[in-house]
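Start counting the sequence shown at 1; every next residue gets the next number (the UniProt record's numbering).
Heads up: the structure comes next, in structure tokens.
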Amino acid sequence: MYSTSLSESKVVVLAVVVVVVVVVVVVVVVVVVALVVVVAVHVIVVVIVHVIVEVAVVVVVVVVVVVVVVVVVVVVVVVEVDVIVVVVVEFSSCGSSSSTFEVVAAIIAARVVGVEVVVVVVVLAVAAAVVVVVIVVVGIVGVVVVVVAVVVVVVVVVVVVVVVVFVWLPPLFILVLVVVVAAVEVVVVVVVVVVVVVVVVVVVVVVVVVVVVVVVVVVVVAVAVREFQNGRRKCTRINTTVSPGLIV
């Protein structure tokens with residue numbers, strides 16, 4: 001009877017050991033698989049974010065350049081037409097020679113166009129640099145979002161493992177939960193980065209267009225006024241030499 005009880009005790013102890021070993025193995029496997037899933041998902045997220053940022057750099061620079069060029073061309077045409085009209089009307093009073101005001105107008109137009117080209121090139125270069133910097137910052141923000149997501153998911157995994165240990169939920173449920181959380185994280189991170197990039201694109205394009213228009217108009221008008229005044233003095237000298245009565 002004693003030997004039988006001893007044998008039963010050994011069986012019980014062995015069974016408990018087996019159960020504990022199985023539980024530990026299951027928990028370790030769940031934790032390892034969960035962490036592998038987390039790492040894999042975050043590698044994918046980082047790659048996706050970087051691809052989005054790199055594509056955004058190209059797209060934003062192209063969009064900014066195209067929009068700015070179109071707007072600048074429109075503004076320059078309008079401003080130049082106004083300047084040429086004013087120049088032609090003003091210098092038509094130079095009665096000594098019909099070509100006088102044409103030459104002066106051509107000089108003014110050439111100088112104004114030269115200034116426009118310099119201004120547009122400089123502004124576009126600065127705009128492209130600003131866009132690249134902004135997108136790089138967005139990329140950094142995206143990486144920060146990914147890091148935060150890593151922390152959140154790791155915390156979730158730890159909490160889930162604790163639940164497994166103390167509440168004895170099925171391991172399959174844990175893996176499914178980890179995969180679901182990781183998938184949600186991918187979607188959230190990608191959506192956040194895309195939204196931020198789109199907002200940055202819109203803001204940068206609007207700001208660049210406004211700045212370019214203002215700079216071009218101010219510079220063109222300033223140069224035109226200066227050249228206009230110089231030409232007017234030339235016209236006055238010509239008219240004074242020919243006939244003082246023609247001065248307007």
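C-beta: ideal position from N, C-alpha, C; glycine also.
- Inclusion of VAL209 and VAL71 in the CB contact set at 8 Å is warranted, their separation being smaller than that value.
- Spanning the alpha carbons of VAL198 and VAL225 requires a straight line of approximately 40 Å.
- Taking 8 Å as the cut-off, the beta carbon of VAL63 is found closer than this to the beta carbon of VAL201.
- Within a 10 Å sphere around the beta-carbon of VAL204 sit 16 or more other beta-carbons, which makes this residue buried.
- The beta carbon of VAL59 lies closer than 7 Å to none in the same chain, with the five residues before and after it left out.
- If you draw a straight line from the Cα of VAL23 to the Cα of VAL55, it comes to about 48 Å.
- Residue burial is scored here from C-beta neighbours: VAL212 has at least 16 other C-beta atoms within 10 angstroms and is therefore classed as buried.
- One Cα belongs to VAL207, the other to VAL29, and the distance between them is close to 54 Å.
- If you draw a straight line from the Cα of VAL186 to the Cα of VAL179, it comes to about 11 Å.
- Rounded to the nearest whole angstrom, the CA to CA distance from VAL193 to VAL219 is 38 Å.
- In this structure, the CA atom of VAL11 is about 43 Å from the CA atom of ALA40.
- Of the residues ALA183, VAL74, VAL133, VAL184, the one whose Cα lies closest to the Cα of VAL217 is VAL74.
- Taking the CA atoms as reference points, VAL19 sits about 25 Å from VAL36.
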